[in-house]
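**Q** Just so we're aligned, residue 1 is where the sequence shown starts under the UniProt record's numbering, counting upward by one. The C-beta atom is built at its ideal place from N, Cα and C for all residues, glycine as well.
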Amino acid sequence: MQAEYQQRREQLMSKIGNGTAIFRSAPTAVMHNDVEYAFRQDSDFYYLTGFNEPQAVAVLAPSHPEHRFVLFVQPKDREKEVWSGYRCGVEAAKQVYGASVAYPIAELDEKLPQYLEKADRIYYHLGRDRTFNDTILNHWQRLMRTYPKRGTGPIAIEDTGPILHSMRLMKSQAELELMQKAADIAVEAHNHAMKFTQPGRYEYEVQAEIEHIFRLRGALGPAYPSIVASGVNSCILHYIENDRKMQDKELLLIDAGCAYGYYNSDITRTFPVGGKFTPEQKRLYEIVLEAQKQAIAQVQPGNPYKQIHDTAVRVLTEGLVELGILKGEIDKLIEEEKYKPYYMHRTGHWLGLDVHDVGVYQHGDDNPQILQPGQVLTVEPGLYIVPDTKLAEDQPQTDPRWVGIGIRIEDDVLVTSTGHEVLTAGVPKEVAEVER
């Protein structure tokens with residue numbers, strides 16, 4: 001992968017001209033007192049370096065005569081490494097990660113100005129690390145004060161996101177192989193969960209089975225907190241307590257994916273705990289499934305991204321009208337968003353190093369993002385007949401037989417040169433397949 005990281009850095013440097021780009025590693029995060037969560041590197045930082053340690057800074061300086069790629073890292077320290085794990089160190093940062101030069105992180109303030117003073121701008125994302133934000137701003141302000149004497153230096157700070165994130169949106173073959181592996185592991189986990197689920201078991205038992213397979217197959221773990229939501233819990237979009245005993249004649253919604261080599265999968269399936277849908281569950285499920293199928297069909301190169309959501313909304317709205325849950329003319333219901341009490345989220349998101357991956361969805365009101373080969377996205381329509389729903393104006397009271405049913409179906413889809421490929425197609429979703 002080092003050749004690919006280098007290629008990404010070169011591509012970014014070709015886009016920033018005489019600028020200098022600065023990237024900060026992720027901070028460590030405290031779970032409680034002096035216990036930390038497992039470290040997870042910042043996605044932008046990892047995308048460009050593959051370096052997986054905290055307290056590091058990467059500098060890309062395409063106009064510097066010698067040092068185009070600079071790393072500041074923690075130095076080797078035997079005593080600290082005994083407690084918290086081995087460090088790459090300064091020398092290996094050059095040898096293993098291809099840095100032109102590497103320095104101890106403590107020398108950042110001393111060394112950084114030489115990579116900024118002849119740049120015409122600084123590329124840096126002002127993120128959550130306010131202390132480091134201040135470090136960059138202070139360097140910039142000092143250089144601006146001396147600009148009249150030298151006539152060189154960065155006259156602006158520009159966010160790295162618009163350039164870098166458009167690169168991350170297009171997945172390479174190596175990235176797609178990692179994403180397919182993440183998808184395959186999650187497919188196996190979901191299929192096992194369907195067989196394992198039965199009335200009387202607890203949601204957390206299903207969660208344990210899923211996440212056992214994640215780790216057993218070499219994944220880093222869940223890509224996000226696993227949602228295992230039975231009964232009325234399926235109407236809570238981000239339900240993660242997973243502590244309810246599952247009952248016959250209710251649904252189980254599982255939204256779970258894994259991270260493999262830092263790349264993520266994201267799958268949702270909804271199925272009957274006892275093996276058979278009730279008539280109401282089956283009818284709502286068929287509407288959601290048809291909405292997903294038609295939305296996936298819109299994943300074609302050249303189509304606007306928003307067409308996926310618009311297609312799903314129309315199918316869902318038509319289905320709700322047919323069932324008498326909504327009333328009115330379809331186009332007007334959509335225009336006035338009368339469906340939103342039952343379908344309140346978008347139909348998908350980009351997928352990659354982040355579960356909700358970077359990338360623009362719309363370039364202004366009249367310029368939609370166009371789907372291109374190499375993009376990966378989720379397609380996840382749903383219906384949630386939430387108890388005590390606040391109804392849209394002029395809409396009928398919901399028949400109690402529908403209340404408490406929540407359904408979502410989600411797959412990971414790659415845009416190809418000729419259409420699309422569903423990376424998670426191995427998890428069944430047809431009614432006849434999920435019933436038992």
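From residue 437 to G218, what distance separates their C-alpha atoms?
**A** The shown model of the chain, from 1 to 436, leaves out residue 437, and the question about it has no answer.
**Q** In terms of DSSP beta bridges, what is L253 paired with?
**A** For L253, which the question treats as bridged, DSSP gives the partners A229 and T270.
**Q** Roughly how many whole angstroms lie between the Cα atoms of Y361 and E337?
**A** Answer to the nearest angstrom: the Cα atoms are 20 Å apart.
**Q** Starting from the Cα of P396, find the closest Cα among R408, Y339 and R24 and give me that residue.
**A** Out of R408, Y339 and R24, Y339 has the C-alpha closest to the C-alpha of P396.
**Q** Should residue 509 be labelled buried (16 or more other beta-carbon atoms within 10 Å of its own) or exposed?
**A** Past the edges of the chain, shown from 1 to 436, lies residue 509, and the structure says nothing about it.
**Q** Where does P162 land, buried or exposed, given buried means 16+ other C-beta within 10 angstroms?
**A** So P162 ends up on the exposed side.
**Q** Could you have a look at V434 and say whether DSSP puts it in helix, strand or coil?
**A** Helix.
**Q** Measure how close the beta-carbons of D354 and V376 come, nearest whole angstrom, since I'm counting them as under 8 Å.
**A** Not quite, the Cβ-Cβ distance comes to about 12 Å (not below 8 Å), so this is no contact.
**Q** CA-CA distance, Q180 and M31?
**A** Spanning the two alpha carbons is a distance of roughly 31 Å.
**Q** State the CB to CB distance for the pair V415 and P373, rounded to an integer number of angstroms; the pair is presumed to be in contact (CB under 8 Å).
**A** The pair is a contact, with the Cβ atoms about 5 Å apart (cut-off 8 Å).
**Q** Between the Cα of E435 and the Cα atoms of P62, S25 and T197, which residue gives the shortest distance?
**A** E435 has its Cα closest to that of T197, out of P62, S25 and T197.
**Q** In three-state DSSP terms, what is A186?
**A** In the structure shown, A186 sits in a helix (DSSP, three-state: H, G or I).
**Q** Nearest to A3 by alpha carbon, out of A92, G98, E91 and D44?
**A** Among A92, G98, E91 and D44, the Cα nearest to that of A3 belongs to G98.
**Q** If you drop the 5 nearest sequence neighbours on each side, which residues of the same chain put their C-beta closer than 7 Å to that of P428?
**A** Excluding sequence neighbours, P428 sits near V434.
**Q** Counting along the chain, where does the beta strand (DSSP E) carrying V70 start and finish?
**A** Per DSSP, V70 belongs to the beta strand (DSSP E) from F69 to V73.
**Q** Would you tell me roughly how many angstroms separate the C-alpha atoms of L391 and I325, rounded to the nearest one?
**A** Taking the straight line from one Cα to the other gives about 10 Å.
**Q** Between which two residues does the alpha helix (DSSP H) containing F39 stretch?
**A** Premise fails: F39 is in no alpha helix (DSSP H) and is neither H nor E.
**Q** Return yes when the Cβ of P54 is within less than 8 Å of the Cβ of F39, no when it is not.
**A** The answer is yes: Cβ separation under 8 Å.
**Q** What does the Cβ neighbour count give for P62, buried or exposed, with the cut at 16 atoms within 10 Å?
**A** Buried.
**Q** How do the stretch 417–431 and the stretch 239–251 stand: do at least 3 beta-carbon pairs fall below 8 Å, yes or no?
**A** No: the two stretches stay apart, fewer than three of their Cβ pairs being nearer than 8 Å.
**Q** Quick one: any contact between the stretch 204–216 and the stretch 314–323, if contact means 3 or more CB pairs under 8 Å?
**A** At 8 Å Cβ cutoff, the stretches do not touch.
**Q** Give the secondary structure of T49 by DSSP, where H, G and I count as helix, E and B as strand, and everything else as coil.
**A** T49 falls in the helix class under three-state DSSP.
**Q** If you check the beta carbons only, do V299 and I287 fall under 8 Å apart?
**A** No; because the gap between Cβ atoms is not below 8 Å, this pair is not in contact.
**Q** Please work out which residues of its chain come closer than 6 Å, Cβ to Cβ, to A223, disregarding the five sequence neighbours upstream and downstream, and give them in chain order.
**A** Once the five neighbours on either side are set aside, the close Cβ partners of A223 are G257, C258, A259, N264 and V355.
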